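Visitor: Sharing a structure below in structure tokens format, with a few things to ask.
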Amino acid sequence: MPLITWTPQLSVGVQPLDNDHKLLVSLINQLHDTVEDNQDRDTVGSVLNALVDYTEYHFEREEILMRVCGYPDLEKHKKAHDAMKAKVKGIKNDYAKSENMDIGDDVLDFIKNWFTEHVQNQDKLYRSFMDGKDQEIEAANRAYQDKLEEELSKI
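Per my numbering, the sequence shown starts with residue 635, numbered consecutively.
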């Protein structure tokens with residue numbers, strides 16, 4: 635049974651960000667499943683790393699789109715992102731360093747609750763600033779994708 639189920643209540647009404655949120659839901663559920671199935675540390679660590687990496691990618695994209703659309707509470711929103719990034723990076727690093735650390739229900743519940751509360755109580759606040767700005771969103775999203783592809787090609 636999934637830890638989080640995507641529902642219309644989680645939609646922010648901006649397609650690229652909804653797509654990111656759907657993928658984050660999938661990664662959170664994958665992490666939950668690997669833990670519940672008692673999979674090996676490497677598998678759990680791999681899913682945890684993917685979740686942390688995609689969270690960072692999503693936050694950066696979301697902040698770019700908020701900036702382009704003139705969202706006035708960007709800095710406050712960014713601080714919430716920075717706090718979450720620090721928390722999940724800490725979990726990831728602690729897990730990698732300690733053979734004795736497990737990802738337990740407390741960690742899974744924290745991630746689930748933070749995600750759902752953040753989307754429903756903070757992300758939805760920028761929706762009205764993005765309404766009617768499809769061209770700006772598309773251009774900024776395309777530029778961000780191009781930048782990422784260029785960075786990845788250097789690896």
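For glycine and all other residues, C-beta sits at the position ideal for the given N, C-alpha and C.
On a predicted model such as this, the values are computed, not experimentally measured, just so you know.
Our contact map puts Phe763 next to Gly704 with C-beta atoms below 8 Å; I'd like the distance itself, whole angstroms only.
Guide: Within the sequence shown, numbered from 1, the residue matching residue 763 stands at position 129. Within the sequence shown, numbered from 1, the residue matching residue 704 stands at position 70. The Cβ separation is near 6 Å, so the contact holds.
Visitor: Hey, could you find the ends of the alpha helix (DSSP H) Val678 is sitting in?
Guide: Your numbering for residue 678 matches position 44 in the sequence shown. Start and end: Arg675 to Val702.
Visitor: Could you check whether the stretch 652-660 touches the stretch 759-778, counting it as contact only if at least three pairs of C-beta atoms, one from each stretch, sit closer than 8 Å?
Guide: No, the stretch 652-660 does not touch the stretch 759-778.
Visitor: When you compare the stretch 750-757 with the stretch 681-695, are there three or more beta-carbon pairs, one atom per stretch, that lie closer than 8 Å?
Guide: no
Visitor: What number of angstroms, rounded off, separates the C-alpha of Arg701 from the C-alpha of His666?
Guide: By 1-based counting over the sequence shown, the position of residue 701 is 67. By 1-based counting over the sequence shown, the position of residue 666 is 32. Rounded to whole angstroms, Arg701 to His666 spans 33 Å at the Cα level.
Visitor: Return yes when at least one heavy atom of the ligand FMN lies under 7 Å from the C-beta of His692, else no.
Guide: This structure does not include the ligand FMN; it has no bound ligands of any sort.
Visitor: Any idea what DSSP makes of Gly724, helix, strand or coil?
Guide: If you number the sequence shown from 1, residue 724 lands on position 90. Gly724 falls in the helix class under three-state DSSP.
Visitor: Short of 7 Å in beta carbon distance, which residues of its chain neighbour Thr668, apart from the five on each side in sequence? Order them along the chain.
Guide: For the purposes of this step, residue 668 is taken as residue 34 along the sequence shown, with counting starting at 1. Once the five neighbours on either side are set aside, the close Cβ partners of Thr668 are Thr677, Val678 and Val681.
Visitor: Pick helix, strand or coil for Ser645, following the three-state DSSP scheme.
Guide: Reading the sequence shown from its first residue, position 11 is the one you call residue 645. Coil, per DSSP.
Visitor: Under a Cβ-count criterion, where at least 16 other Cβ atoms within 10 Å of its own Cβ denotes burial, should Thr639 be classed as buried or exposed?
Guide: Walking along the sequence shown from the start, residue 639 turns up at place 5. The residue is exposed, with fewer than 16 neighbouring Cβ atoms inside 10 Å.
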